[in-house]
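Report on one structure; see the data block that follows.
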Amino acid sequence: MIHPQAIIDPSARLASDVTVGPWTYIGPNVEIGAGTRIESHVVIKGPTKIGANNHIYQFASVGEDCQDLKYDGEPTELVIGDDNTIREGCTIHRGTVQDQGITRIGNHNLFMANVHVAHDCVVGSHIIIANNAALAGHVHVDDHTILGGFTAVHQFCRIGAHVMCGAGTVVLQDIPAYTLATGNAAKPHGINAEGLRRRGFSAESIRALKNAYKTVYRQNLSLSDAIDKLAVEAASEPALDALLRSLRNSTRGIIR
Numbered sequence: 087m088i089h090p091q092a093i094i095d096p097s098a099r100l101a102s103d104v105t106v107g108p109w110t111y112i113g114p115n116v117e118i119g120a121g122t123r124i125e126s127h128v129v130i131k132g133p134t135k136i137g138a139n140n141h142i143y144q145f146a147s148v149g150e151d152c153q154d155l156k157y158d159g160e161p162t163e164l165v166i167g168d169d170n171t172i173r174e175g176c177t178i179h180r181g182t183v184q185d186q187g188i189t190r191i192g193n194h195n196l197f198m199a200n201v202h203v204a205h206d207c208v209v210g211s212h213i214i215i216a217n218n219a220a221l222a223g224h225v226h227v228d229d230h231t232i233l234g235g236f237t238a239v240h241q242f243c244r245i246g247a248h249v250m251c252g253a254g255t256v257v258l259q260d261i262p263a264y265t266l267a268t269g270n271a272a273k274p275h276g277i278n279a280e281g282l283r284r285r286g287f288s289a290e291s292i293r294a295l296k297n298a299y300k301t302v303y304r305q306n307l308s309l310s311d312a313i314d315k316l317a318v319e320a321a322s323e324p325a326l327d328a329l330l331r332s333l334r335n336s337t338r339g340i341i342r
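Convert by adding 86 to the 1-based position in the sequence shown; the result is the number in this note's numbering.
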């Protein structure tokens with residue numbers, strides 16, 4: 087299961103069925119769960135924990151020191167969940183002590199070739215990040231989001247659940263849940279209705295979310311007033327909870 091030309095530090099802990107290809111380096115303080123496959127020429131440094139049934143392709147760099155100039159060698163972490171696919175050339179860095187000290191990735195995500203996930207990012211589950219997209223430090227991306235190729239996300243931005251960004255989008259502010267966004271800088275273009283239909287949202291829920299989008303973007307309300315109005319409507323439509331949460335958690339202001 088482990089190629090003889092792989093280099094694995096004696097302190098690394100690998101489940102018995104982990105597959106490691108030739109010329110891969112796995113350093114100290116690395117833990118890898120059952121069923122994970124690691125192709126050739128991968129570098130994994132710790133402290134890093136990788137869950138079960140992940141697939142990491144060649145030339146990926148996982149758990150490296152971050153590129154933040156404040157980083158001074160502290161033992162920060164990278165934590166990756168289960169069933170993720172990390173394609174060729176991806177770079178995923180550990181956290182910094184200026185934040186929580188952890189870069190965290192959930193489950194069932196696809197990181198296409200050459201994606202960068204910087205220090206202290208929090209990436210949820212069932213997310214697709216297409217080729218050459220980049221998340222700067224401290225970015226949060228919620229579940230079921232799709233980021234098109236060459237999307238660039240500014241540090242500290244938050245992207246809500248079920249968002250879809252078109253290719254080449256430059257995200258400088260927070261994106262509310264369920265929103266379609268594209269452009270440089272990113273602008274909202276309605277609700278990700280097709281994505282929601284594919285995920286089993288009812289016609290009634292999608293209609294309520296379209297109306298909520300109009301509340302936020304078409305009624306000339308302040309953000310706080312829009313939140314107050316949606317909070318009343320959320321009592322009868324649970325799908326609005328994720329939208330409300332993304333609006334309330336916004337720290338950089340939402341895209342307009």
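In this text, a Cβ means the ideal position worked out from N, Cα and C, and glycines have one as well. Note that this is a predicted model, so its numbers are computed, not measured.
Anticipated Cβ contact below 8 Å, residue i with residue j, distance rounded
i, j, result
"N195", "V209", "6 Å"
"L295", "I313", "Contact flag wrong, Cβ pair sits at about 15 Å."
"I93", "Y111", "5 Å"
"C152", "H205", "3 Å"
Reduced DSSP category for residue i - H, G, I as helix; E, B as strand; rest coil
i, result
"G149", "strand"
"V318", "helix"
"G281", "helix"
"A253", "coil"
"A263", "coil"
"K156", "coil"
"N139", "coil"
"T301", "helix"
"L100", "strand"
"K131", "coil"
"L164", "strand"
"I313", "helix"
Through-space distance from residue j to residue i, alpha-carbon basis
i, j, result
"G181", "A146", "18 Å"
"D260", "I88", "43 Å"
"G132", "G167", "15 Å"
"K300", "G235", "28 Å"
"N335", "A328", "10 Å"
"G113", "V129", "8 Å"
"L221", "L258", "11 Å"
"L309", "S291", "22 Å"
"T237", "Q184", "25 Å"
"E150", "T177", "8 Å"
"M250", "L266", "5 Å"
"L155", "V165", "22 Å"
"G252", "Q186", "30 Å"
"A289", "L326", "14 Å"
"G339", "N297", "21 Å"
"G192", "I124", "18 Å"
"D169", "E323", "31 Å"
"I172", "V203", "11 Å"
"A101", "D311", "52 Å"
"I341", "D95", "46 Å"
"G254", "H240", "13 Å"
Proximal residues to residue i (C-beta, below 8 Å), its chain only, five neighbours per side dropped
i, result
"E174", "Y143, Q144, F145, A146, A199 and N200"
"D99", "Rather than Asp, the amino acid found at residue 99 in this sequence is Arg. Contacts found: V116, E117 and I118."
"S126", "H89, G107, P108, W109, T110 and Q144"
"L316", "A298, T301, V302, L326, L329, L330 and L333"
"Y157", "D151, T182 and H205"
Own chain partners of residue i with C-beta closer than 7 Å, once the 5 adjacent residues on each side are dropped
i, result
"P161", "P133"
"G121", "D103, A138 and N139"
"A320", "L326, D327 and L330"
Residues near residue i by beta carbon distance below 6 Å, same chain, minus five either side
i, result
"L282", "I292"
"A247", "D228, D229, H230, A263 and A328"
"R207", "Looking at the sequence itself, residue 207 is Cys, so the reference to Arg does not match. The answer, listed in chain order, is T189, L221 and V225."
"I215", "F197, V201 and L233"
Which runs of the beta strand (DSSP E) fall wholly inside the segment 168 to 242 and span at least 3 residues, in chain order? Here the runs fully enclosed are 177 to 179 and 188 to 191.
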